[in-house]
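When we follow my numbering, the leftmost residue of the sequence shown carries the number 2, and every step to the right adds one.
For each residue, glycine too, the CB sits at the ideal point set by N, CA and C.
Here's the structure we're looking at; comments come further down.
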Amino acid sequence: MGYEKTKASIESSFKQTKLDYIDLYLIHAPYGGREARNGSWLALVEAKRAGLIRSIGVSNYGVHHLDELESYIKELEGKYGKGQGGEISVGQWELHPWLTRPDIVDWCQKRGVVIEAYCPLVRGKRFEEKALQPLVKKYGKTPAQVLVRWSLQKEFVPLPKSVTHSRIEENAAVYDFELTAEDMESLHTTEYSPCAWDPTTSHE
Numbered sequence: 002m003g004y005e006k007t008k009a010s011i012e013s014s015f016k017q018t019k020l021d022y023i024d025l026y027l028i029h030a031p032y033g034g035r036e037a038r039n040g041s042w043l044a045l046v047e048a049k050r051a052g053l054i055r056s057i058g059v060s061n062y063g064v065h066h067l068d069e070l071e072s073y074i075k076e077l078e079g080k081y082g083k084g085q086g087g088e089i090s091v092g093q094w095e096l097h098p099w100l101t102r103p104d105i106v107d108w109c110q111k112r113g114v115v116i117e118a119y120c121p122l123v124r125g126k127r128f129e130e131k132a133l134q135p136l137v138k139k140y141g142k143t144p145a146q147v148l149v150r151w152s153l154q155k156e157f158v159p160l161p162k163s164v165t166h167s168r169i170e171e172n173a174a175v176y177d178f179e180l181t182a183e184d185m186e187s188l189h190t191t192e193y194s195p196c197a198w199d200p201t202t203s204h205e
């Protein structure tokens, strides 16, 4: 993290991809402290101004990190003019029924930030859940399809990961059914069960 490292990372991305522009660039995690986070954001803002990147955002930020960034954006606007501090277009987090992050989701939805949900299938670890199985039977769908559908109906952009062609097709075949309000409620939990790390809790 930091201004110079982020600039170097952007430059490296273009060398590797040989693209003229990149649609979306995210800060991967909030580590490094406030100065480093702000420096990384400034590097993305400058790249966007230069037309190298279309949209910018963050990943794995907690609400306190988002509040901090919002303040920095206002600071940049005070220095360079309205709209010149950048806009958080997209935020990416691990999200599924066992990690719903209501505080972060609320923050983003109030500001129109698109929410990407990674690990929406919980790496298959919860496919046998009692709350999930009745919906699998009800709709004749796989646990993965029900979880992708849950994510879509939460207005997230789910990012199911697979290298298997049949599973990629399966994960996309979710537009011929819709979970009812009762179904969605049956999947609701207040669990805090991340698959792995959770940088949102970092306070450095």
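Contact check, residue i vs residue j, beta carbons under 8 Å
{"i": "His66", "j": "Arg102", "result": "no"}
{"i": "Gly3", "j": "Gly52", "result": "no"}
{"i": "Leu153", "j": "His97", "result": "no"}
{"i": "Ile54", "j": "Ile23", "result": "yes"}
{"i": "Ser56", "j": "Ala132", "result": "no"}
Buried/exposed call for residue i, threshold 16 Cβ in 10 Å
{"i": "Pro1", "result": "Nothing can be reported for residue 1, as the shown portion of the chain is limited to 2 through 205."}
{"i": "Trp94", "result": "buried"}
{"i": "Tyr119", "result": "buried"}
{"i": "Lys49", "result": "buried"}
{"i": "Tyr81", "result": "exposed"}
{"i": "Trp151", "result": "buried"}
{"i": "Gln17", "result": "exposed"}
{"i": "Lys139", "result": "exposed"}
Close Cβ partners of residue i (< 7 Å) along its chain, the five nearest in sequence each way excluded
{"i": "Asp184", "result": "Leu136"}
{"i": "Ser163", "result": "Ile169, Asn172"}
{"i": "Asp104", "result": "Val64"}
{"i": "Gln85", "result": "Leu77, Glu78"}
{"i": "Ser194", "result": "Trp99, Leu100"}
Extent of the continuous beta strand (DSSP E) to which residue i belongs
{"i": "Leu160", "result": "158-160"}
{"i": "Glu130", "result": "Counting along the chain, Glu130 falls outside any beta strand (DSSP E), and DSSP gives it neither H nor E."}
{"i": "Val106", "result": "Unbroken run through Val106 is the alpha helix (DSSP H), 103-112; no beta strand (DSSP E)."}
{"i": "Val115", "result": "115-119"}
Any non-hydrogen atom of the ligand GDP closer than 7 Å to residue i Cβ
{"i": "Leu25", "result": "In the structure shown, the ligand GDP is absent, as is every other ligand, since no ligand is present at all."}
Neighbourhood of residue i by C-beta, 8 Å cutoff - its chain only, sequence neighbours within 5 removed
{"i": "His204", "result": "His65"}
{"i": "Ala145", "result": "Leu122, Gly125, Phe128, Pro161, Arg168, Glu171, Asn172"}
Cutoff 6 Å; reference residue i; Cβ partners in own chain excluding five residues on either side
{"i": "Gly40", "result": "Gly3, Tyr4"}
Extent of the continuous alpha helix (DSSP H) run through residue i
{"i": "Thr7", "result": "4-18"}
Could I get the ranges of all uninterrupted alpha helix (DSSP H) runs contained in the segment 28-89, with 4 residues as the minimum, in chain order?
35-50, 64-81
message = To test your reading of the DSSP string, which unbroken alpha helix (DSSP H) runs of 4 or more residues are found completely within the segment 154-198?
response = 166-173, 182-188
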